[in-house]
Amino acid sequence: MRSDDTIVPLTLNNSQGFSPAEIEHFRRNGYVISRRLAGDELRLAMLDATLDGLNRLTEPLEFEADLHYPGAPQSRSAQGGDTVRRLKQAHSRGMAFTDWVSRPELVGRLQQLLGPRLVMPLAHHNCVMTKDPRYSSNTGWHQDIRYWSFARPDLVSVWLALGREFPQNGCLKLIPGSHAMELDRSRFDEQLFFRPEVPANRELIEGSVYAELEPGDALFFHCRTLHAADRNSTGEPKFSVVFTFRPFDNPPQPGTRSSSMPELLVC
86 MRSDDTIVPL
96 TLNNSQGFSP
106 AEIEHFRRNG
116 YVISRRLAGD
126 ELRLAMLDAT
136 LDGLNRLTEP
146 LEFEADLHYP
156 GAPQSRSAQG
166 GDTVRRLKQA
176 HSRGMAFTDW
186 VSRPELVGRL
196 QQLLGPRLVM
206 PLAHHNCVMT
216 KDPRYSSNTG
226 WHQDIRYWSF
236 ARPDLVSVWL
246 ALGREFPQNG
256 CLKLIPGSHA
266 MELDRSRFDE
276 QLFFRPEVPA
286 NRELIEGSVY
296 AELEPGDALF
306 FHCRTLHAAD
316 RNSTGEPKFS
326 VVFTFRPFDN
336 PPQPGTRSSS
346 MPELLVC
């Protein structure tokens with residue numbers, strides 16, 4: 086696996102759009118990084134809200150023990166069982182999050198990828214991902230669309246780093262170009278994780294890249310892009326904000342989890 090910190094050119098804070106090279110990178114690889122897209126004042130406001138939510142254990146929450154991923158505590162009653170994995174409903178946790186999803190530099194880029202009218206589903210992502218150094222877990226290779234139900238698999242997630250993200254603290258790993266691959270169901274397990282023991286899968290995984298991020302960097306990735314993350318092996322926690330966006334003409338399918346909550350019309 087290699088680090089992918091040189092492919093994408095830096096993007097100035099005052100730019101409201103991707104360069105042609107960045108758009109081509111996304112089309113070809115299924116992801117692109119914009120450096121320092123969120124300024125320090127906004128980023129620190131989101132971080133403050135995150136720490137407050139963790140200190141207060143403000144619901145809704147997801148705990149590491151809930152998912153039983155490798156490395157997680159076995160139950161809520163086990164040592165470390167109260168370790169939070171995700172602060173859900175981030176959009177309602179402070180105006181800084183609302184400010185972030187309405188920023189022209191974010192919206193402009195999403196419009197380049199998805200079209201002029203954007204909607205943010207509140208049923209998926211809409212959270213702060215936390216990675217505790219003591220009781221974090223490994224997340225296997227998967228596509229976000231596996232549990233989502235929309236008219237078509239055409240959504241983009243934006244992952245904002247509130248601090249540094251690198252391999253040792255569990256930054257995301259991605260398989261370039263996997264968003265455009267037709268992958269047979271047999272290559273996934275019963276939970277729709279990509280099976281690393283399958284030789285053809287292993288070959289793809291060996292070509293994966295690390296999405297190393299500095300504070301304020303934003304990773305844009307397609308809902309079909311295979312990604313994973315290791316546990317945090319450092320001494321400090323890691324925090325990331327992630328929201329998902331869709332074109333206006335790609336609605337959720339009625340009666341599914343994707344349609345179970347209201348959505349935010351961004352523009």
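For the sequence shown, the numbering used here assigns the number 86 to the initial residue and increments by one for each residue that follows.
Using N, Cα and C, we set each Cβ at its ideal position, and we do this for glycine too.
Quick caveat: nothing in here was measured; it's all calculated off a predicted structure.
DSSP state of residue i, grouped into three classes?
i, result
"R331", "strand"
"F182", "helix"
"A313", "strand"
"L152", "helix"
"R170", "strand"
"P300", "coil"
"S325", "strand"
"I230", "helix"
"P218", "coil"
"P252", "helix"
"S343", "helix"
"H210", "coil"
"S160", "coil"
"S100", "coil"
Between which two residues does the alpha helix (DSSP H) holding residue i run?
i, result
"H110", "105 to 114"
"G138", "125 to 141"
"P284", "284 to 291"
"G193", "189 to 199"
Just to check my reading of the structure: residue i and residue j have Cβ atoms closer than 8 Å, yes? What is that Cβ distance to the nearest angstrom?
i, j, result
"L146", "V169", "5 Å"
"A296", "C256", "6 Å"
"G156", "N223", "5 Å"
"F251", "N335", "No, F251 and N335 are not in contact; Cβ-Cβ is about 34 Å, not under 8 Å."
"L268", "V241", "In fact, because the Cβ distance is near 19 Å, the residues do not count as touching under 8 Å."
"P218", "P322", "6 Å"
Considering just the uninterrupted stretch of the beta strand (DSSP E) at residue i, what are its terminal residues?
i, result
"W244", "241 to 246"
"M205", "203 to 206"
"W226", "224 to 227"
"E275", "Counting along the chain, E275 falls outside any beta strand (DSSP E), and DSSP gives it neither H nor E."
"E348", "348 to 350"
"L259", "257 to 259"
I'd like to know if the segment 325 to 334 and the segment 200 to 207 are in contact, where contact means that at least 3 CB-CB pairs between them fall below 8 Å.
yes
Hey, is the segment 118 to 137 in contact with the segment 270 to 290, meaning 3+ C-beta pairs nearer than 8 Å?
no
Could you say if the segment 223 to 238 and the segment 312 to 321 meet the contact criterion of at least three C-beta pairs nearer than 8 Å?
yes
Cβ contact check for the segment 208 to 219 and the segment 157 to 175: 3 or more pairs under 8 Å
yes
Check whether the segment 123 to 131 and the segment 101 to 114 touch, using three or more Cβ-Cβ pairs below 8 Å as the test.
no
At a cut of 8 Å, does the segment 192 to 199 reach the segment 287 to 301 through at least three beta carbon pairs?
no
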